[in-house]
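Numbering (our numbering), first residue to last: 82 to 369. Note that beta-carbon positions come from the ideal geometry of N, C-alpha and C, so glycine has one too. Just so we're clear, the structure is a prediction, and the values are computed from it rather than from any experiment. Data first, discussion second: the structure below is written as structure tokens.
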């Protein structure tokens, strides 16, 4: 299975039409059709449900498309990082959970733009679980994750600063009138909880041995969408401070009491060597 065949396949997936894919790749339509048929024969599965106008993926095709994109992304990243004409070139891929401590990463990227101006940085915003999956697949060089988290198999560097857990609620709600939120305040609340690994355990520790009962009505991996639920009055979002700007909105952030303050860490694999571009970024963040 050749990489150019995967590029034919992903082009057809994107265009949902062989003719448009052929035009985009500057090859003939029969060439792509033949290669797709050979690919299906090689895999022993049907990848497409061929219709009169568009091509739809089968379940096997959807899975193969996702894997093909990851293979091509990793290939392109590897080639970019080893093609060094002069100085440090290449790309750095950073996956990050939402955290105010990303300001340190931003400062390091600014430093890198001065010391290695040919290096391109790509930021991917997601939750900590997806950061780990993408790092294990080799698609990310670094991850920014919130503590507490399992860092087995990773080098790590704790980023400066902390942020607090609290609730994001409507200003006109009962909780929105408080200066702090205690465990008792969550009694009977409809809660929207982070999917981040360790978040539920952290809140359970904060609750301690109390018998407070609340209902989890939704979960989220990125806070912006959860904030829309809070603004609509769906529930109380347990969240980190400093991520959503509540100015000129109907929302307010109220910290937990006792205070729950957390750090963020930059992690990178112990098993995969850093590219020159990634090593330059790490040097920049250590310098800052």
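Contact between residue 175 and residue 223 holds: their C-beta atoms lie close to 5 Å from each other, under 8 Å. When secondary structure is reduced to three states using DSSP, residue 224 falls in the strand class.
In this structure, the CA atom of residue 266 is about 12 Å from the CA atom of residue 336. Secondary structure remark: continuous beta strand (DSSP E) runs of at least 3 residues inside the stretch 108 to 152, in chain order: 129 to 131 and 136 to 138. For residue 353, there is no enclosing alpha helix (DSSP H), as DSSP gives it neither H nor E. Beta-bridge analysis with DSSP links residue 248 to 319 and 335. The DSSP-derived three-state label of residue 289 is coil. Shortest Cα-Cα distance from residue 151 to any of 127, 214 and 316 involves 214. For residue 269, the three-state secondary structure derived from DSSP is coil. For the pair residue 288 and residue 360, the Cα-to-Cα distance works out to about 41 Å. For residue 153, same chain residues with a beta-carbon under 8 Å away, outside a window of 5 residues either side, are 84, 87, 88 and 91 in chain order.
The Cβ-Cβ distance between residue 273 and residue 181 does not fall below 8 Å. Residue pairing by DSSP places residue 201 opposite 172 in a beta bridge. Within the same chain, 179, 320, 324 and 325 come within 7 Å of residue 304 by CB-CB distance, once the 5 residues on both sides are set aside.
Distances from the CA of residue 183 to each of 353, 344 and 350 were compared; the closest alpha carbon is that of 344. Contact between the stretch 197 to 215 and the stretch 247 to 265 is absent: fewer than three C-beta pairs spanning the two stretches fall below 8 Å. By alpha-carbon distance to residue 271, the top candidate from 229, 314 and 138 is 314.
Each residue's CA atom was taken as its position, placing residue 194 and residue 200 some 7 Å apart. For residue 209, there is no enclosing beta strand (DSSP E); the enclosing alpha helix (DSSP H) covers residues 209 to 217.
DSSP places residue 239 within a strand segment (E or B) once states are collapsed to three.
Taking residue 357 as the centre and dropping the five residues before and after it, the same chain places the C-beta of 169 closer than 6 Å to its C-beta, in chain order. In chain order, 173 and 193 place their CB closer than 6 Å to the CB of residue 362, counting only its own chain and leaving out the 5 sequence neighbours on each side. In the structure shown, the three-state DSSP call for residue 343 is strand.
The beta carbon of residue 327 is closer than 7 Å to those of 333 and 334 in its chain, skipping five residues each way along the sequence. When DSSP states are grouped into helix, strand and coil, residue 183 belongs to the helix group. Bounds of the beta strand (DSSP E) holding residue 301 are 296 to 301. Judged by DSSP in its simplified three-state form, residue 275 adopts strand.
When the Cα atoms are used, residue 161 and residue 317 turn out to be separated by approximately 45 Å. Ranked by Cα distance from residue 275, the options 119, 221 and 310 are led by 310.
For residue 348, the beta-bridge partners assigned by DSSP are 224 and 237.
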